[in-house]
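Okay, structure first, notes after.
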Amino acid sequence: MKIRRFGKPLALFAFAMVLALAGCNQNAEDEGESGVGSGSSATRLVANVWTDGKISKEGQIKKYTVDVTKGARYFIWLNDSEEGDRTKTANAGLKISHEDGTVIRDSYVSWLYTKPLTFSASSTGTVTITVAAYAWGWEKGTGTYAIKYTSRPEYDTLTKESWNDDSIIAKGQTNKYTFYADEKTRYFIYLNDTDAGSGITTKTANVGLKISHSDGTVICSSYDDASNIYMKPYTFIASSSDTITITAAAYDWRWEEGIGTYAVKYTSRPEYITLSKGAWYEDDIITKGQTNKYHIPVIAGTEYNIYLDDIDAGSGITSKTANVGLKIFYNGGSVICNNYNDASSIYTKPYTFIAPSSGTVTITAAAYDWRWEEGIGTYAIKYTVSDSEYDSGQVVYPEQWYLNE
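Numbering (my numbering), first residue to last: 4 to 408.
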């Protein structure tokens, strides 16, 4: 019986088939549960959905992609053997980069189940996440894991007078808020947090704020300067009509290192309140650095009297808590009173002046505590005209501002 010999072409074909089959088996092993090998393919993640993965041999990595929007904040979570729900077997870590090559994290980072890795996208496009397992070195381990991402917009818009409850869940996270401000209007920013809060709801973060105009004009450049602002809010007068940006960070040994829950709120009051002749206007100063401004219309040659009901010299009928003084200017900048001390204690003996011409007088009220513009508290202000017997004693409350403007 003769043994049939295969020709060289057929032998080469058989050898190629063996290699092809071996390659298919190898890729199948590499793909594991995620369907991703150590090659160029990647799995697209779905927001807030855990995706299971498996590293089946030493040297294997898995890749995932996330579509990102410039400025938005993203959080990457890992469920693995080191920190998770105890169903995974790999000690996993990840690297992250933008598609343009911009590196977000260039070394493997792990322990991301309770405190995710966070970043703000530097450009709109795709971010690639590379996952590897550890065993005496990265890309040497094997096992199962799961990965997830969540996100939040770059800015949240605040609503006046409404508390915005929020949280910082990862080291390095900052949260941003915006609201539209009117030029020369006074604004107040409040925080309810673990350091100075209401105590009604339990907050767990120690938070501070940075504040700026959209044109880059800085209002508050240090988190320290806008913290502890529940009872005494941070206040400023808008230098222009545009959008205000607030950046919140949490403290733990240093700023932008802490986590926890908090709430933020803003309120405002107009630059000027127009007083009604003969009517007491009830008002207050609620925070350090605040001054309140009033307008009164005047007629040339007429004598005007300014009264204060405060803790230093008041009626005693209503309990006032601020020690208040006034500065008084005629429109155009002419000075009537340039010293708070000269127009304080003026309940029974009012501050009196004669209008140099017809127009508007501006009164600025400040409270004293060791120095002027440092105090807080309640008071009332009134003006009368010397040739008028009208003095109704009527009290105007803050909610009636719009009636006087």
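Backbone N, C-alpha and C define an ideal beta-carbon position, used for all residues, glycine too. Only a predicted model underlies this, so the values are computations on that prediction, with no experimental measurement involved.
Contact under 9 Å by Cβ, residue i with residue j
i, j, result
"THR365", "TYR275", "yes"
"THR177", "ALA75", "no"
"VAL134", "HIS101", "no"
"VAL327", "ILE289", "no"
"TYR193", "TYR233", "yes"
"LYS73", "SER125", "yes"
"LYS213", "ALA173", "no"
"ASP55", "THR147", "yes"
"ASN195", "LYS268", "yes"
"LEU115", "GLU86", "yes"
"TYR183", "SER244", "yes"
"ALA50", "TYR67", "no"
"THR207", "GLY263", "yes"
"TYR386", "GLY219", "no"
"TYR350", "CYS340", "no"
"TYR1", "PHE356", "What is shown of the chain runs 4 to 408, which leaves residue 1 out entirely."
"TYR152", "TYR77", "yes"
"ILE331", "THR277", "no"
"GLY211", "ASP228", "yes"
"VAL301", "GLY362", "yes"
"THR270", "PHE191", "yes"
"ALA149", "ASP103", "no"
"TYR111", "TRP139", "no"
"LYS291", "GLU164", "no"
Residue i burial status per 10 Å Cβ neighbour count (16 or more: buried)
i, result
"GLY35", "Only weak support exists for where GLY35 lies, its pLDDT of 38 falling under 50; the coordinates are left without a value."
"PRO156", "exposed"
"ALA241", "buried"
"TRP80", "buried"
"ALA303", "exposed"
"TYR254", "buried"
"THR90", "exposed"
"SER389", "exposed"
"ILE58", "buried"
"ASN209", "buried"
"PRO236", "buried"
"LYS106", "According to the sequence as given, residue 106 is Val; it is not Lys. So VAL106 counts as exposed."
"ASN342", "exposed"
"THR205", "exposed"
"ASN94", "buried"
"ASP109", "exposed"
"SER337", "exposed"
"GLY200", "buried"
"ARG8", "Bear in mind that the predicted position of ARG8 carries a pLDDT of just 43, short of 50, making it unreliable; the figure below should be weighed with that in mind. Exposed, by the Cβ-count rule."
"ASP168", "exposed"
"CYS27", "Residue confidence for CYS27 is low, a pLDDT of 36 falling below 50, so the modelled location carries little weight; the figure read from the coordinates is stated next. Classification for CYS27: exposed."
"LYS11", "Caution is warranted here: a pLDDT of 41 is assigned to LYS11, below 50, making its placement in the model unreliable, and the coordinate value is therefore given only provisionally. That one is exposed."
"GLY62", "exposed"
"THR381", "buried"
"LYS352", "exposed"
Identity of the residue in the options nearest residue i by Cα
i, options, result
"ILE309", "ILE384, SER217, ILE339, ASN195", "ILE384"
"LEU329", "ASP390, SER318, ASN295", "ASN295"
"VAL409", "GLU376, SER154, THR277, THR92", "Residue 409 falls outside the range modelled here, since the chain spans only 4 to 408, and no answer is possible."
"PRO273", "GLN293, PRO353, ILE150", "GLN293"
"ALA369", "ILE357, HIS216, ASP313, GLY317", "ASP313"
"VAL221", "SER230, GLY202, THR205, ILE247", "ILE247"
"ILE379", "THR324, SER230, LYS163", "THR324"
"TYR371", "THR363, ASP286, SER361, SER347", "SER347"
"THR305", "GLY96, ALA358, ASP109", "ALA358"
"ARG497", "ILE150, SER225, TYR265", "In the structure displayed, the chain extends from 4 to 408; residue 497 sits before or after that span and is not available."
"THR162", "ALA266, LYS65, SER279", "ALA266"
"ASN334", "ALA149, SER322, SER360", "SER360"
"GLY128", "VAL69, THR321, GLN63, ARG189", "VAL69"
"ILE132", "SER113, THR160, LYS98, ARG374", "LYS98"
"ASN231", "THR197, SER170, ASP286", "THR197"
Limits of the beta strand (DSSP E) - the one that residue i falls within
i, result
"ILE58", "54-58"
"SER113", "Taken as a continuous stretch (DSSP letters only), SER113 belongs to no beta strand (DSSP E), as it is neither H nor E."
"SER170", "167-171"
"ARG272", "263-272"
"ILE150", "146-155"
"TRP256", "Counting along the chain, TRP256 falls outside any beta strand (DSSP E), and DSSP gives it neither H nor E."
"LYS65", "65-71"
"GLU306", "306-312"
"PRO300", "295-301"
"GLU285", "283-288"
"SER123", "120-123"
"TRP139", "Taken as a continuous stretch (DSSP letters only), TRP139 belongs to no beta strand (DSSP E), as it is neither H nor E."
"VAL327", "327-333"
"TYR181", "Per the sequence shown, residue 181 should be read as Thr rather than Tyr. Element bounds for THR181: 178-184."
"ASP100", "According to the sequence as given, residue 100 is Ser; it is not Asp. Its beta strand (DSSP E) spans residues 95-101."
Contact with chain B by residue i, beta-carbon distance below 9 Å
i, result
"ASP198", "Here there is only one protein chain, and chain B is not present."
In chain order, each beta strand (DSSP E) run of at least 3 residues that lies wholly inside the segment 335-391: 338-340, 354-357, 362-372, 380-388
Extract the residue ranges of the beta strand (DSSP E) inside the segment 186-246, only unbroken runs of 3 or more that lie entirely within it. 189-195, 210-216, 221-223, 237-240
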